[in-house]
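Below is one structure; the comments refer to it alone.
Residue numbers (our numbering): -18 to 166.
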């Protein structure tokens, strides 16, 4: 974990999210694609800047107590998983967003999320019920009319995951944990 003293942070509004942050170079490329699509399609929607691009693993909700934040941090710190690859190569309009998707659901990402969710449900069963998961990166919010199309692939090796408080368009990172393979038995 890269920071050790943030458990005292109390989200007062906004959302508490577990996410995969898109690496800076990849995020800049994705942001440039978003700008190109916005220009070509005349979009004036709320666009995420490169620093905010991510894959949401779990939305932990609003008004999360400091005790719950600490539980999530402890659980994340104990969680082990090997680094894995992700790739997104398609842009698509959803009713409320413009997103990057992959051709297939990446098994490694889906398995990682499932294992992390299992660990979190052990300590917070009332919040984290199993839900559907479509891995994506939101580029813009609001209705968009962009054709579903293949784009140059955006891929990277996922080496960590983060706990973030998202409020008023700002991200406050509460913790980040490196992925390390489980110890051999």
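Think of the CB as a built atom: it goes at the ideal place given N, C-alpha and C, for glycine as much as any other residue.
Using a Cβ-Cβ cut-off of 6 Å (strictly less than) and excluding sequence neighbours within five positions of residue 161, which residues of its own chain qualify? Taking the first residue of the chain shown as 1, we reach residue 161 at position 180. Excluding residues up to 5 positions away in sequence, 61 lie with their Cβ nearer than 6 Å to the Cβ of residue 161 in the same chain.
C-alpha gap between residue 4 and residue 137, whole angstroms: For the purposes of this step, residue 4 is identified with residue 23 of the chain shown, where counting begins at 1. For the purposes of this step, residue 137 is identified with residue 156 of the chain shown, where counting begins at 1. Going by the C-alpha atoms only, they are around 8 Å apart.
Could you tell me the alpha carbon to alpha carbon distance between residue -12 and residue 146, rounded to whole angstroms? In the chain shown, counting from the first residue as 1, residue -12 sits at position 7. In the chain shown, counting from the first residue as 1, residue 146 sits at position 165. Unreliable placement is indicated for residue -12, whose pLDDT of 34 sits below 50; the coordinate value is still reported in the next sentence. Residue 146 has its alpha-carbon roughly 12 Å from the corresponding atom of residue -12.
Residues sharing a beta bridge with residue 40, DSSP: Your numbering for residue 40 matches position 59 in the chain shown. The partner list for residue 40 (beta bridge, DSSP) reads -2.
Would you mind reading off the limits of the beta strand (DSSP E) that contains residue 138? Taking the first residue of the chain shown as 1, we reach residue 138 at position 157. From DSSP, the beta strand (DSSP E) with residue 138 extends over 130 to 139.
Residue 43, buried or exposed, once every other Cβ within 10 Å from all chains shown has been counted against 16: In the chain shown, counting from the first residue as 1, residue 43 sits at position 62. Counting Cβ neighbours within 10 Å, residue 43 comes out exposed, since fewer than 16 surround it.
Using 8 Å for Cβ pairs, my map puts residue 127 next to residue 29. What's the rounded Cβ distance? Taking the chain shown and counting its residues from 1, one reaches residue 127 at position 146. Taking the chain shown and counting its residues from 1, one reaches residue 29 at position 48. About 15 Å; that fails the 8 Å criterion.
Stretch pair the stretch 110 to 123 + the stretch 46 to 56: three plus CB contacts closer than 8 Å: Fewer than three Cβ pairs drawn from the stretch 110 to 123 and the stretch 46 to 56 lie within less than 8 Å of each other, which leaves the two stretches out of contact.
For the stretch 62 to 74 against the stretch 98 to 109, do three or more pairs of beta-carbon atoms, one drawn from each stretch, fall closer than 8 Å, so that the two count as touching? No: the two stretches stay apart, fewer than three of their Cβ pairs being nearer than 8 Å.
Contact belief for residue 34 with residue 8 at Cβ below 8 Å, rounded distance in angstroms: Within the chain shown, residue 34 is the residue found at index 53, counting from 1. Within the chain shown, residue 8 is the residue found at index 27, counting from 1. With 8 Å as the limit, residue 34 and residue 8 qualify as a contact, their Cβ atoms being about 4 Å apart.
Roughly how many angstroms separate the alpha carbons of residue 15 and residue 165, rounded to a whole number? Translated into the one-based positions of the chain shown, residue 15 becomes position 34. Translated into the one-based positions of the chain shown, residue 165 becomes position 184. Taking the straight line from one Cα to the other gives about 43 Å.
Three-way DSSP call (helix, strand, coil) for residue 103 in this model: Within the chain shown, residue 103 is the residue found at index 122, counting from 1. In the three-state scheme derived from DSSP, where H, G and I count as helix and E and B as strand, residue 103 is classed as helix.
When you compare the CB positions of residue 72 and residue -3, do they come within less than 7 Å of one another, or not? Position 91 of the chain shown holds residue 72. Position 16 of the chain shown holds residue -3. By the CB criterion at 7 Å, residue 72 and residue -3 fall outside the cutoff.
Between the beta-carbon of residue 78 and the beta-carbon of residue 122, is there less than 7 Å? In the chain shown, the residue the question calls residue 78 occupies position 97. In the chain shown, the residue the question calls residue 122 occupies position 141. In this structure, residue 122 lies closer than 7 Å to residue 78 by Cβ.
Residue 32 versus residue 152: straight-line alpha-carbon distance, rounded: Counting from one through the chain shown, the residue named residue 32 turns up at place 51. Counting from one through the chain shown, the residue named residue 152 turns up at place 171. Rounded to whole angstroms, residue 32 to residue 152 spans 9 Å at the Cα level.
Do you know how far the Cα of residue 132 is from the Cα of residue -5? On the chain shown, residue -5 is found 14 positions in, with the first residue counted as 1. On the chain shown, residue 132 is found 151 positions in, with the first residue counted as 1. Residue -5 and residue 132 have their C-alpha atoms roughly 32 Å apart.
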